[in-house]
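Trainee:
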Amino acid sequence: MFKKTNARIKDYQKNDNVAYLFVLPALVFFLAFVLYPAISTFRLAFFDWDFLSEYKTYVGFDNFIRLFQMNEFYMVLGNTALYTFITVILKVFGGVLLANFVFTHVKGKVKSFIVESALFMPIVIPMSVIAMIFNSMFDTDYGIVNGIIKAFNSTPVGWLTDVDIALYTIMFLDVFKGIGFFFMISLIAMRNIPKTYYEAADMDGAGSIRVFTNITFPLIGNNLVYLLVTAFLSSFQVFEPIYLLLEGKFGDTKITISYMLWQKAFVYRDVGLASTIAIVIFIIALVVTLIQIFVTRKLTYNDEK
Amino acid sequence: MKNKIKLLGLSLFVVSSLAGCNTNKDDGDVELVYWCFNDQVASFERRLEPFTEKTGIKVRVEGIRASTWAETTQEISTAAYSGTLPDCADMASESMATLVSSNLVSPIDEYVTRDAGEIADSVAEMDPKLYNAHIYNGKRYSLPTIWNAPIMFYNKNVLTKAGITSSNEHYPHSGWTVEDFIYCCNQITKNNTKTGANNVYGCKIENQYFYSIEPWLNSFGTSILNDTWTSSTINSDAAKNCFQTLHDFLNNDDYSKVVSPAMGGTTSYELFFSNRVGFMILSLPYVYTLYNGGFNDSKDAIEKLHQGYDVITFPSVDGISRTLMGVGATAIFKTSKHQEECWQLAKYISSKEFQDNELTETIWAIPSIKSSLDILSQKPYYPKNGKIFYEALENSKIVPAPANYSAIELEVRKWFSGYLSNTSGFALSGNKGNTLDTLAATINSYL
Amino acid sequence: MTKNSKLKLKKCNNTTLNVLRFIFGALICIVMLFPFYFMVISSLKTMTEYTAAVPTLIPHEISLDGYKLVFSNMEVFGKMFLNSLTLAIVIPVLQTIVCLPCAYALARLNFKGKQFIFILLICAMMFPGQLTIIQNFSTMVELQLVNKLSSVILLGIYSSGAIFMMRQYFIGLPKELEEAAKMDGCNAFLSFIYVAAPISLPIVSTNLVLCFNGVWGDFFGPMLLLKKREVMTLPVGMKYIMGQLGSTTPTANLAALTVMCIPVIIFFFIFRKKLIGGIANTGIKM
Chain W
20 MFKKTNARIK DYQKNDNVAY LFVLPALVFF LAFVLYPAIS TFRLAFFDWD
70 FLSEYKTYVG FDNFIRLFQM NEFYMVLGNT ALYTFITVIL KVFGGVLLAN
120 FVFTHVKGKV KSFIVESALF MPIVIPMSVI AMIFNSMFDT DYGIVNGIIK
170 AFNSTPVGWL TDVDIALYTI MFLDVFKGIG FFFMISLIAM RNIPKTYYEA
220 ADMDGAGSIR VFTNITFPLI GNNLVYLLVT AFLSSFQVFE PIYLLLEGKF
270 GDTKITISYM LWQKAFVYRD VGLASTIAIV IFIIALVVTL IQIFVTRKLT
320 YNDEK
Chain Z
285 MKNKIKLLGL SLFVVSSLAG CNTNKDDGDV ELVYWCFNDQ VASFERRLEP
335 FTEKTGIKVR VEGIRASTWA ETTQEISTAA YSGTLPDCAD MASESMATLV
385 SSNLVSPIDE YVTRDAGEIA DSVAEMDPKL YNAHIYNGKR YSLPTIWNAP
435 IMFYNKNVLT KAGITSSNEH YPHSGWTVED FIYCCNQITK NNTKTGANNV
485 YGCKIENQYF YSIEPWLNSF GTSILNDTWT SSTINSDAAK NCFQTLHDFL
535 NNDDYSKVVS PAMGGTTSYE LFFSNRVGFM ILSLPYVYTL YNGGFNDSKD
585 AIEKLHQGYD VITFPSVDGI SRTLMGVGAT AIFKTSKHQE ECWQLAKYIS
635 SKEFQDNELT ETIWAIPSIK SSLDILSQKP YYPKNGKIFY EALENSKIVP
685 APANYSAIEL EVRKWFSGYL SNTSGFALSG NKGNTLDTLA ATINSYL
Chain P
4 MTKNSKLKLK KCNNTTLNVL RFIFGALICI VMLFPFYFMV ISSLKTMTEY
54 TAAVPTLIPH EISLDGYKLV FSNMEVFGKM FLNSLTLAIV IPVLQTIVCL
104 PCAYALARLN FKGKQFIFIL LICAMMFPGQ LTIIQNFSTM VELQLVNKLS
154 SVILLGIYSS GAIFMMRQYF IGLPKELEEA AKMDGCNAFL SFIYVAAPIS
204 LPIVSTNLVL CFNGVWGDFF GPMLLLKKRE VMTLPVGMKY IMGQLGSTTP
254 TANLAALTVM CIPVIIFFFI FRKKLIGGIA NTGIKM
């Protein structure tokens, strides 16, 4: 016994120098491809550059001023806000509700397997594939969705060609692809809740809605933070469906901020402005995430008490 | 042991960095790197084999992925920045001005004078308009390789079904007008129902530059820029008329309905094949595509092919047939270490020998050598009215292509997509929002 | 109300509710799976049936035309498939090699600066991709790695998420094994090689699977960096192919998309538990 304690104290004081070797490769990549670019982007926002010239002209806060004076910027922010808000709510709460449904009402290995796989499938399929499938499915003239509508003698809808509807179609696409993730995590969390709670509720004769609001939901509350943060970050940064389905449409009035960044950087080659947009994206992401964590923590603590 | 691990890590790093690296060229033979579009790579590799046999100069063909000239010039810019430019590339009117103004390409005047005797035969077959197409700031930067013009293809089956025969006065004919065109489209779509089975449409309006916006403006007698490319005329009355017509065409039920504008949607050949659309804007290479795609039920019936479709110039507002064209070039980059060999290649591509033999087998575009086009027009699948491809040269204007071509193309397409889809804030004229006047101002700022 | 009658009431509602629930569940499955069903059957339709004004849900006639067209373009399509596959195999392996030791060190070893490095790496999780992509692209241009697979590989090796997930795993392991190894005279390095690494197999395989999925569908990076025909990957190449093939046959497009989905679907069914487990691990323990 004596020997063990001594050994432990020894461990604590000794520096495992080999750890530096272990950490080194990851650190090198991190510095080269994460930290350095991030700092560089912060710096580039104060310059005017077009990827080609050797020389970058210093312009101070010009890029920021220019960005905040662009009408386009606010329009794009508005699109992104709307998009993020709707998809996050639908993905997270839809996922939780679906998980609850499956948790309480889907019994049996086969049925569970089918439902879980069906909901999880869109996660593994690449986003670009889904976007292109949707492009065909929702095609105004040949799409199967309009085909079914036409079979009922109604007017076909311009899912991807009508300026007012297109963005909503893409939101549906996003939710379709992403909901499985939130569904799965919620489901597993629900399955981890000790059964005693439910047995107690059953004895008290609680209805399924009350069970959900008073037991299930609060107890997976911890996960809610993670779910909301993840959903927000992924919706906020959406690029692929916009690029694949909205390019060259509607005078670029329906694009989101990630697309605008790419466009300014690689199409217009206004690297300074693009860097400014990147900083804005970062700040918004940071602030909203912190708010979410703060608010959700407060709510779940209250519930647990 | 530690050292072994470090070595392993380092070698893994090195190996992964080398993944995908090209093998070294041996110093003996000259190998030119030639860039063309991705879909032409296989064809070029085949076509340039005789060149390598004849001169011993190897050519490595690499494709660039770009669907617009803006993307192409971006690729070249990136390559210029990283010092990985090719030796020469297949460029065209739209991009040459940009390359010249960025000082990336070499003039060929000296070579032309030096080898004047050798290329005399070929030059004799080139229309002066083509021959002089690539003179910028008084210097010649390339011989013409091929040229292309957007032309209207019409589906005879569809027209016949709509009751329009060749004796009808509105039938597509040389000098036909926009009224004729709209009449035909109307007839074609007369029986369409909103939820229709097998509806047929008049034409398809696409958010494309060379195949839609430019030729339509041209046929209305105007253009994006004035003749000297110094100021924008996109807000001229003729242009307003043109866009208004296209807009009504697309949005009104009284005019012919168009298939969903290809702002990213399904493309149109299968529509043409399945006799679902009456008119389509294409060009010479698609003659071959249509032939290959079996523009009818049985692939062998050339007669059926001729009965299936034909080509005609754009309808105009005043009865004068106008066409637009872009001329291909072989750009020789200043950074290339093999200027002489590049000239040999450029010479070859623009030669009678190459075009007579190669370009008549697999169609690239309209050969600039007249004899080649003559041979091509004898092919059985050549459209009956195909003579307009060369006749078009007389009335043809070269596409406006100033140095800032890409930026202008971007802005015009942006406005066009907004206007045609009835997005709020886009209008022909007015005080607010994106109008043709604001567009003209934007374009002028790029000149 | 007696207890019996309450139960009776419950039972009556149950049957109708049960039916509704079953329908709802079935509806969910149908909606989720329909697009893939559509993709597969459309790829098997003939062009005329596909462009018919009233599309059919069950094809009248099965035709392999779409697939024939895809495979006739095998040179192009096949190269893209290989490129995607190469990336999807190389990147997870390299990622594991780089991130696993780091995760182990952060979980189990003591060294100066451990906290600092850990916080640094976690902060990186907050960085949106857009913050780094411009400079990374520029770096690749300067290194002349554009249009080479290694550019995407280099960018894909580091992953904060992977390090985090693996660290969680190591923290959850019992310390006894390493104690035993130490008793036997191993230093930290050897105990990693002989004890921790073999035990980490579950999490490593989870990471491999997750990373494979991520790389296979990765669009943005390859779109910027891999533009030449020889190095294009599938997601990016699809858009380009659709411009070529799709001009005459959308059924060929969908056939190509189907082929593109097959590896991931196979992976999904084989590694289902690992995939779900991995995602759950990142989600729950946070």
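Chains as they are written, first to last, in my numbering: chain W, 20 to 324; chain Z, 285 to 731; chain P, 4 to 289. Ideal Cβ placement from N, Cα and C applies to all residues, glycine included. For clarity, every value in this text was computed on a predicted model and none was experimentally measured.
Should the stretch 376-390 of chain Z be called in touch with the stretch 652-671 of chain Z, which here means at least 3 C-beta pairs below 8 Å?
Mentor: Output reads no: the stretch 652-671 of chain Z does not touch the stretch 376-390 of chain Z.
Trainee: Whether or not the stretch 253-272 of chain P and the stretch 60-74 of chain P are in contact is what I'm after, with contact meaning three or more pairs of Cβ atoms, one per stretch, closer than 8 Å; do they touch?
Mentor: Taking 8 Å as the limit for Cβ pairs, the verdict is that the stretch 253-272 of chain P does touch the stretch 60-74 of chain P.
Trainee: State the DSSP-derived secondary structure class of cysteine 487 of chain Z, mapped to helix, strand or coil.
Mentor: As a first step, residue 487 of chain Z is located in the second sequence; it is residue number 203 there, counting from the start. Coil.
Trainee: Could you tell me the boundaries of the beta strand (DSSP E) in which asparagine 432 of chain Z lies?
Mentor: Indexing the second sequence from 1 puts residue 432 of chain Z at position 148. It spans 428-432 - the beta strand (DSSP E) in which asparagine 432 of chain Z sits, taken as one unbroken run.
Trainee: Looking only at its chain, what residues have a beta carbon closer than 6 Å to the beta carbon of alanine 687 of chain Z, apart from the 5 residues adjacent to it on each side?
Mentor: Sequence index remark: in the second sequence, residue 687 of chain Z carries index 403 (1-based). Excluding residues within five positions, the ones whose Cβ falls inside 6 Å are Ala381, Thr382 and Ser385.
Trainee: Taking 8 Å as the threshold (C-beta atoms), are phenylalanine 52 of chain W and proline 141 of chain W in contact?
Mentor: Counting from 1 along the first sequence, the entry for residue 141 of chain W is found at position 122. Counting from 1 along the first sequence, the entry for residue 52 of chain W is found at position 33. No, the pair does not count as a contact, with Cβ atoms beyond the cut-off.
Trainee: At least one CB of chain P closer than 8 Å to the CB of valine 442 of chain Z: is that the case?
Mentor: On the second sequence, position 158 is the one that residue 442 of chain Z refers to. Not closer than 8 Å to any Cβ of chain P, the Cβ of valine 442 of chain Z fails to qualify, so no.
Trainee: For the stretch 491-511 of chain Z against the stretch 523-530 of chain Z, are there 3 or more C-beta pairs whose distance is under 8 Å?
Mentor: With the cut-off at 8 Å, the stretch 491-511 of chain Z and the stretch 523-530 of chain Z touch.
Trainee: Is the beta carbon of threonine 272 of chain W closer than 8 Å to that of leucine 86 of chain W?
Mentor: On the first sequence, residue 86 of chain W is found 67 positions in, with the first residue counted as 1. On the first sequence, residue 272 of chain W is found 253 positions in, with the first residue counted as 1. It is not a contact, given that the beta carbons lie outside the stated cut-off.
Trainee: Using a C-beta to C-beta distance shorter than 9 Å, which residues of chain W count as neighbours of serine 406 of chain Z?
Mentor: On the second sequence, position 122 is the one that residue 406 of chain Z refers to. Here the premise fails: no neighbours, minimum Cβ distance about 36 Å.
Trainee: Keeping to the same chain, check which residues put their C-beta closer than 7 Å to that of alanine 118 of chain W; ignore five residues upstream and five downstream.
Mentor: Working through the first sequence from its first residue, we reach residue 118 of chain W at position 99. Counting only Cβ-Cβ distances below 7 Å, and skipping sequence neighbours, we find Phe202, Ser205, Leu206 and Met209.
Trainee: Please report whether the beta-carbon of glycine 290 of chain P lies at a distance below 8 Å from any beta-carbon of chain W.
Mentor: In the structure as shown, chain P starts at 4 and stops at 289, and residue 290 of chain P therefore has no counterpart that could be examined.
Trainee: Look at the alpha carbon of asparagine 452 of chain Z and the alpha carbon of tyrosine 570 of chain Z, and state the distance between them as a whole number of angstroms.
Mentor: Looking up residue 452 of chain Z in the second sequence gives position 168. Looking up residue 570 of chain Z in the second sequence gives position 286. Straight-line Cα distance between these residues: approximately 27 Å.
Trainee: What residue from Z/Leu723, Z/Phe335, Z/Gly367 and Z/Ser515 has the CA that sits closest to lysine 618 of chain Z's CA?
Mentor: The residue given as residue 618 of chain Z occupies position 334 in the second sequence. Out of Z/Leu723, Z/Phe335, Z/Gly367 and Z/Ser515, Z/Gly367 has the C-alpha closest to the C-alpha of lysine 618 of chain Z.
Trainee: Can you tell me where the alpha helix (DSSP H) with serine 136 of chain W in it begins and where it stops?
Mentor: Position 117 of the first sequence, counting from 1, holds the residue named residue 136 of chain W. Residues 128-143.
Trainee: Considering only residues of the same chain and omitting the five flanking positions on each side of lysine 277 of chain P, which have a CB-CB separation below 7 Å?
Mentor: Within the third sequence, residue 277 of chain P is the residue found at index 274, counting from 1. Correct list, in chain order: Ser208, Thr209 and Val212.
Trainee: Going along chain Z, which residues have a C-beta under 7 Å from glycine 144 of chain P?
Mentor: The residue you call residue 144 of chain P lines up with position 141 of the third sequence. According to the sequence displayed, residue 144 of chain P carries valine and not glycine. Going along chain Z in sequence order, the residues near valine 144 of chain P (Cβ under 7 Å) are Thr362, Tyr365 and Ser366.
Trainee: Kindly give me the distance between the Cβ atoms of serine 254 of chain W and tyrosine 102 of chain W, rounded to whole angstroms, as I take these residues to be in contact under 8 Å.
Mentor: Taking the first sequence and counting its residues from 1, one reaches residue 254 of chain W at position 235. Taking the first sequence and counting its residues from 1, one reaches residue 102 of chain W at position 83. With a Cβ gap of about 6 Å, serine 254 of chain W and tyrosine 102 of chain W count as contacting.
Trainee: Which residues of chain P have a Cβ atom closer than 7 Å to the Cβ of valine 53 of chain W, listed in chain order?
Mentor: As a position in the first sequence, residue 53 of chain W is number 34, starting the count at 1. Within chain P, the residues near valine 53 of chain W are Ala127, Phe130, Thr135 and Tyr161.
Trainee: Within 8 Å (strictly less), CB to CB, does threonine 707 of chain Z reach chain W?
Mentor: If you number the second sequence from 1, residue 707 of chain Z lands on position 423. For threonine 707 of chain Z, the answer is yes, since a Cβ of chain W falls inside 8 Å of its Cβ.
Trainee: DSSP three-state call for lysine 288 of chain P: helix, strand or coil?
Mentor: Along the third sequence, read from residue 1 onward, the residue named residue 288 of chain P stands at position 285. A caution first: lysine 288 of chain P carries a pLDDT of 44, below 50, which makes its placement in the model unreliable, though a value can still be read off. Of the three classes helix, strand and coil, the one that applies to lysine 288 of chain P here is coil, per DSSP.
Trainee: Are there 16 or more other CB atoms within 10 angstroms of the CB of aspartate 371 of chain Z, so buried, or fewer, so exposed?
Mentor: If you number the second sequence from 1, residue 371 of chain Z lands on position 87. Result: buried.
Trainee: Under a Cβ-count criterion, where at least 16 other Cβ atoms within 10 Å of its own Cβ denotes burial, should asparagine 535 of chain Z be classed as buried or exposed?
Mentor: The residue given as residue 535 of chain Z occupies position 251 in the second sequence. Counting Cβ neighbours within 10 Å, asparagine 535 of chain Z comes out exposed, since fewer than 16 surround it.
Trainee: Would you mind sorting alanine 45 of chain W into buried or exposed? The rule is 16 or more other CB atoms within 10 Å of its CB.
Mentor: For the purposes of this step, residue 45 of chain W is taken as the residue at position 26 of the first sequence. Under this definition alanine 45 of chain W is a buried residue.
Trainee: CA-CA distance, serine 605 of chain Z and glycine 486 of chain Z?
Mentor: Counted from its first residue, the second sequence places residue 605 of chain Z at position 321. Counted from its first residue, the second sequence places residue 486 of chain Z at position 202. Whole-angstrom Cα-Cα distance: 20 Å.
Trainee: Are there 16 or more other CB atoms within 10 angstroms of the CB of serine 544 of chain Z, so buried, or fewer, so exposed?
Mentor: Within the second sequence, the letter at position 260 stands for residue 544 of chain Z. For serine 544 of chain Z, the pLDDT reaches just 45, beneath the cut-off of 50, and the residue's location in the model is therefore unreliable, although a value from the coordinates is still provided. Buried.
Trainee: Compare the Cα-Cα distances from leucine 252 of chain W to each of W/Gly177, W/Phe301 and W/Pro175 and report the closest residue.
Mentor: Residue 252 of chain W sits at position 233 when you count from the first residue of the first sequence. It is W/Phe301 whose Cα lies nearest to the Cα of leucine 252 of chain W.
Trainee: DSSP three-state call for tryptophan 319 of chain Z: helix, strand or coil?
Mentor: Locating residue 319 of chain Z in the second sequence gives position 35, where the first residue counts as 1. Tryptophan 319 of chain Z falls in the strand class under three-state DSSP.
Trainee: Against chain Z, with Cβ distances strictly below 8 Å, would threonine 49 of chain P count as a contact?
Mentor: Here residue 49 of chain P refers to the residue found at position 46 when the third sequence is read from its first residue. Chain Z contact via Cβ: absent.
Trainee: Exposed or buried, which one is lysine 303 of chain P when buried takes at least 16 other CB atoms within 10 Å?
Mentor: Residue 303 of chain P falls outside the range modelled here, since chain P spans only 4 to 289, and no answer is possible.
Trainee: Identify whether serine 516 of chain Z lies in helix, strand or coil by the three-state DSSP scheme.
Mentor: Here residue 516 of chain Z is taken as the residue at index 232 of the second sequence, counted from 1. Serine 516 of chain Z falls in the strand class under three-state DSSP.
Trainee: Ends of the beta strand (DSSP E) at phenylalanine 437 of chain Z?
Mentor: Along the second sequence, one-based indexing puts residue 437 of chain Z at 153. Counting along the chain, the beta strand (DSSP E) containing phenylalanine 437 of chain Z begins and ends at 435-439.
Trainee: Would you say valine 78 of chain W and glycine 291 of chain W are within 8 Å of each other, going by their C-beta atoms?
Mentor: Within the first sequence, residue 78 of chain W is the residue found at index 59, counting from 1. Within the first sequence, residue 291 of chain W is the residue found at index 272, counting from 1. Going by C-beta atoms, valine 78 of chain W is nearer than 8 Å to glycine 291 of chain W.
Trainee: For the beta strand (DSSP E) that contains methionine 376 of chain Z, what are its first and last residues?
Mentor: Along the second sequence, one-based indexing puts residue 376 of chain Z at 92. Position check: residue 376 of chain Z holds alanine in this sequence, whereas methionine was assumed. Segment 372-376, the beta strand (DSSP E) holding alanine 376 of chain Z.
Trainee: What in chain P is Cβ-close to threonine 308 of chain W, meaning under 9 Å?
Mentor: Counted from its first residue, the first sequence places residue 308 of chain W at position 289. The answer, in chain order, is Met129.
Trainee: Secondary structure at proline 651 of chain Z, three-state DSSP: helix, strand or coil?
Mentor: Counting from 1 along the second sequence, the entry for residue 651 of chain Z is found at position 367. Strand, per DSSP.
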